Ligand code: MSP
């Protein structure tokens with residue numbers, strides 16, 4: 297078994313249907329997971345749904361359904377979307393899974409001696425499922441500091457986990473571990489939050505107000521706060537405290553949590569402190585990415601600007617959709633989603649650059665080489681070019697920068713297209729320069745093989761089509777990177793292999 301690698305997405309709320317924001321985090325996670333699998337690593341990719349809390353209960357009530365039946369339905373739409381988007385997750389956790397509920401109760405029992413019972417007065421934002429201290433909200437306006445929607449004031453008796461006594465530890469931990477919170481702008485934001493005293497975290501809710509939650513074992517009148525419940529998924533899915541997977545992936549590899557910047561506070565303050573209080577080491581990295589905006593605004597139901605990933609993928613194809621999200625905005629920064637921008641990328645990068653290279657290469661192989669890979673060798677110059685691109689891709693992945701990785705791969709694609717123009721194989725054919733022609737076509741076919749390998753984490757369907765058309769029968773997913781000079785010498789595309797040309801990979805829109 298290879299080196300363990302543990303990667304998670306947030307658990308998505310089941311109160312609404314999935315949108316491209318959810319698809320985004322999950323596609324990036326899938327891309328990373330595929331890359332690490334190509335490196336021979338033992339990857340565990342976790343995703344799932346967050347199913348408790350007031351918001352879900354209310355959404356269910358509005359539909360005249362029990363929370364569980366409603367959660368079953370929406371959780372299923374996430375399942376089926378991940379299938380459509382070819383998300384290669386290893387486990388899909390639901391916070392209503394009995395195993396998860398048991399783990400949450402076990403954690404509460406273990407924390408019990410540290411908890412304090414007190415009166416909780418707060419502003420509560422239902423859409424964010426987040427409470428704010430009395431001083432954090434302007435009472436005259438009563439708007440959520442995070443999403444600007446109305447908040448309400450609540451007062452009740454609850455259990456609290458004191459955070460303040462962990463503050464200096466967390467601050468030092470963040471300062472000492474450069475890759476703990478990324479990107480750096482988010483790390484600074486969290487360090488700034490740690491300059492002020494941390495109010496205790498209220499981790500229960502009275503049953504009479506919120507009934508849809510995990511019962512608190514030592515207090516029949518309370519259920520668990522939905523965020524406390526949900527965060528624990530990252531270790532409950534691994535069978536904490538004694539599970540083999542917990543040892544292998546949490547302790548052995550260290551978790552990489554991909555999240556959106558909207559939930560940095562929960563992941564970078566509350567979660568490490570909950571773990572610390574439980575005596576569990578923190579995750580390795582929390583990477584908070586930006587938002588996809590539509591016409592400059594965050595998507596929301598009230599604005600009616602929600603983009604449905606299922607219909608975008610159906611209209612333009614899965615891989616163009618994946619490509620756009622992975623390429624158009626640097627991971628960590630905001631991006632703007634529009635169909636025009638997607639079409640532009642699709643026509644330029646996919647149809648013109650990649651699609652054209654594949655189509656013209658296969659056409660030339662048919663026309664000038666009898667539909668077979670001619671005999672030839674990949675020059676050492678070409679091989680070192682492959683290795684150079686590989687290095688840049690590996691560096692980009694180590695920084696969780698998929699857009700950068702794509703830029704490196706596109707250098708290779710653009711270079712190959714340029715070479716076709718310069719070499720003009722059709723002229724070589726006309727002038728009967730057979731050997732030169734075959735050598736050039738061989739190099740092009742080999743370049744396509746390597747491009748398919750590099751692009752597989754991003755464009756699984758497209759690269760499988762390239763693979764098939766190049767005449768390979770073994771699955772592309774079984775191929776391993778990194779390339780080495782030795783593997784390039786041994787595994788370069790076999791001369792004589794019959795190609796199977798199909799239509800263009802991408803229609804021009
Ligand atoms: N259930 C909590 C997370 C619990 S994790 C233990 C939650 N769920 S959510 O359904 O609201 O999903 C939030 C996540 O969806 C964000 O962190 C981000 O990953 C993704 N996105 C939601 N909207 C987004 C955009 N507009 N753009 C990009 N991603 C965003 O919060």
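Numbering (our numbering), first residue to last: 297 to 805. By construction, the Cβ of each residue, glycine as well, lies at the ideal position given by its N, Cα and C atoms. Bear in mind that the values here come from a model prediction, so they are computed numbers and not experimental data.
Inter-residue distance for residue 407 and residue 573 is about 7 Å (C-alpha atoms, whole angstroms). A direct Cα-Cα distance of roughly 45 Å separates residue 444 from residue 749. Taking residue 649 as the centre and dropping the five residues before and after it, the same chain places the C-beta of 706, 709, 710, 713 closer than 7 Å to its C-beta, in chain order. The continuous stretches of alpha helix (DSSP H) do not include residue 338, which lies in the beta strand (DSSP E) extending over residues 338–346. If you look at residue 638, you'll find it in the alpha helix (DSSP H) that goes 635–641.
Annotation: the continuous alpha helix (DSSP H) that includes residue 396 extends over 394–407. Residue 544 and residue 300 have their C-alpha atoms some 7 Å from each other.
Proximity of the beta carbon of residue 602 to ligand 1 is not indicated: no heavy atom of the ligand is located closer than 7 Å. Across the structure, residue 564 and residue 426 are spaced so that their CA atoms are roughly 15 Å apart.
Take the alpha-carbon of residue 478 and the one of residue 692: they are about 14 Å apart. Residue 418 has 450 as its beta-bridge partners, per DSSP. The Cβ atoms of residue 317 and residue 523 do not sit closer than 8 Å to each other.
Residue 591 counts as exposed, since fewer than 16 other C-beta atoms from the protein chains shown sit within 10 angstroms of its C-beta.
Contact annotation: residue 442 and residue 419 have beta-carbon atoms that are not nearer than 8 Å. Inclusion of residue 457 and residue 496 in the CB contact set at 8 Å is warranted, their separation being smaller than that value. Burial check for residue 742: the Cβ neighbour count within 10 Å reaches 16 or more, so the residue is buried.
Setting aside the 5 residues that flank it on each side, residue 621 is surrounded in the same chain by 320, 323, each with a C-beta closer than 6 Å to its C-beta; the list follows chain order.
DSSP places residue 483 in the helix class (H, G or I) of the three-state scheme. Of the heavy atoms belonging to ligand 1, none sits nearer than 7 Å to the Cβ of residue 299. DSSP places residue 473 outside both helix and strand once states are collapsed to three, so it counts as coil. In this structure, residue 555 places its C-beta atom within 8 Å of the C-beta atom of residue 306. When DSSP reads this structure, residue 427 sits in a beta bridge with 420. Inter-residue distance for residue 439 and residue 433 is about 7 Å (C-alpha atoms, whole angstroms). In this structure the region 386–396 lies against the region 329–346, because at least three pairs of beta carbons, one per stretch, are closer than 8 Å. For residue 767, there is no enclosing beta strand (DSSP E), as DSSP gives it neither H nor E. Scanning its chain for C-beta atoms nearer than 6 Å, with the 5 sequence neighbours on each side dropped, one finds around residue 467 the residues 490, in chain order.
Around the beta carbon of residue 325, a 10 Å sphere encloses 16 or more other beta carbons of the protein chains shown; the residue is thus reported as buried. Bounds of the beta strand (DSSP E) holding residue 515 are 515–520. Cβ-Cβ separation between residue 336 and residue 776: approximately 5 Å, consistent with a contact (criterion under 8 Å). Minimum Cα-Cα distance from residue 765 among the listed residues 719, 667, 781, 780 corresponds to 667. Per DSSP, the unbroken alpha helix (DSSP H) holding residue 567 starts and ends at 567–574. DSSP lists 338 as the bridge partner or partners of residue 300. Inclusion of residue 753 and residue 382 in the CB contact set at 8 Å is not warranted, their separation being larger than that value. Taking 7 Å as the cut-off, the C-beta of residue 581 does not count as close to any heavy atom of ligand 1. For residue 531, the uninterrupted alpha helix (DSSP H) run begins and ends at 529–532, by DSSP. With respect to residue 506, residue 350 sits close: the two C-beta atoms are nearer than 8 Å.
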